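> Number 668 marks the last residue of the sequence shown (the working numbering); no jumps.
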Amino acid sequence: MGLYLASSCGCGEDDLIGAWTYPAGRPYRRAPVGAAVCSRADHQVAVHQWVHGRAGVAPDEIGFTPTPETEKRAPWLDEGAVHARRALVATLAGLASIPPEEGERYGSAQALVLEQGRAWTPTPLDADLEDYRGEPGHCFEFAARMADAVPGLVYVEGYAILFPGCTWAVPHAWVGRLSDGAALDPTWAQPGPAYFGVPLTAAYRRAVPRALSGTLSVLVDILPRSVCADGLPPGAAATGTDQAV
């Protein structure tokens, strides 16, 4: 069993923010946990370039000020939520810079989530959904239960920020509403300020192999080796605006 340590931008000059194990011969990788943004301005620019998918980004754009180009890539940017979402995306981008193993597409679950996921708008549970509220610490179980029971909702797995001012990207699951991008969180008493994740179909969740006995996460805890290599298979990510998934 090997232990790998990761800093937020890979430079090794900022605080240690994550660790994961990758047992030899096992078809799964444990995702790095935790997050912080490197204080070096040049490395923050590098992270920003990764998020926006282009080079030549001016340092004053690090604040993720919306532009026509960034609006296309991230239409969820708005004045009220930009700070929390910026912190979450920058945190994920730092961990996504971990290089993949030879022959693999993704070096971390964060890289997959950033490429194939989307931002979701924090939304309080409607009164008719309160019966699906579950216990903190059991997000994967209760998000799946609620998504399976309510038409038009979908299970989402990714990362969230627990409270304003926090930069810790918490591995998490919640329920998404495809029609408006709402994040409905059945296990946090109050919605977090930022959510970013991949909506997954029920068919994929039931078919994907579980890495460890008892784990309910399919992406952010243990990433299947096949997903590291090839990404999510067709039919794994839920699409559309309002469908049973």
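No residue lacks a Cβ here, since even glycine has one placed at the ideal position from N, Cα and C.
Predicted model only: the values in this text are computed from it and were never measured.
#1: Go to V641, then tell me how far its alpha helix (DSSP H) extends in each direction, as first and last residue.
#2: When you compare each of Y627, L601, I584 to Q613 by their alpha carbons, which one comes out closest?
#3: Rounding to the nearest angstrom, what Cα-Cα distance links A550 and W597 in this structure?
#4: Between which residues of its own chain and R556 is the CB-CB distance below 8 Å, once the five residues before and five after are set aside?
#5: Would you list the one or two residues that DSSP bridges to G604?
#6: Residues bridged to R541 by DSSP?
#7: Could you have a look at E558 and say whether DSSP puts it in helix, strand or coil?
#8: Please state whether DSSP places V631 in a helix, a strand or coil.
#9: In chain order, what residues of the same chain lie with their CB nearer than 7 Å to the CB of A661, ignoring the 5 residues before and after it?
#10: Could you tell me the alpha carbon to alpha carbon distance between C461 and R509, rounded to whole angstroms?
#11: Measuring CB to CB, does V536 end up less than 8 Å from L607?
#12: What does the alpha-carbon distance come out to for the pair D644 and P594?
#13: Tell me the residue span of the alpha helix (DSSP H) that contains G517.
#14: Just mark A626 as buried or exposed, buried being the case when its beta carbon has 16 or more other beta carbons within 10 Å.
#15: Which first and last residues belong to the beta strand (DSSP E) in which V577 is found?
#16: Exposed or buried, E524, counting other C-beta atoms within 10 Å across all chains shown (16 or more means buried)?
#17: With burial defined as no fewer than 16 other Cβ atoms inside 10 Å of the residue's Cβ, what is the status of P545: buried or exposed?
#18: If you compare alpha carbons, which of L518, V512, Y529, V505 is closest to V650?
Here's the rundown:
#1: Per DSSP, V641 belongs to no alpha helix (DSSP H) and is neither H nor E.
#2: I584
#3: 17 Å
#4: L548, F565, P609, T610
#5: G604 is not bridged to any residue.
#6: G620
#7: coil
#8: coil
#9: V577, L601, P622, L623, T624, V668
#10: For C461, the predicted model reports a pLDDT of 38, less than 50, meaning its position is unreliable and no value from the coordinates is stated.
#11: no
#12: 7 Å
#13: 505 to 519
#14: exposed
#15: 576 to 584
#16: exposed
#17: buried
#18: Y529
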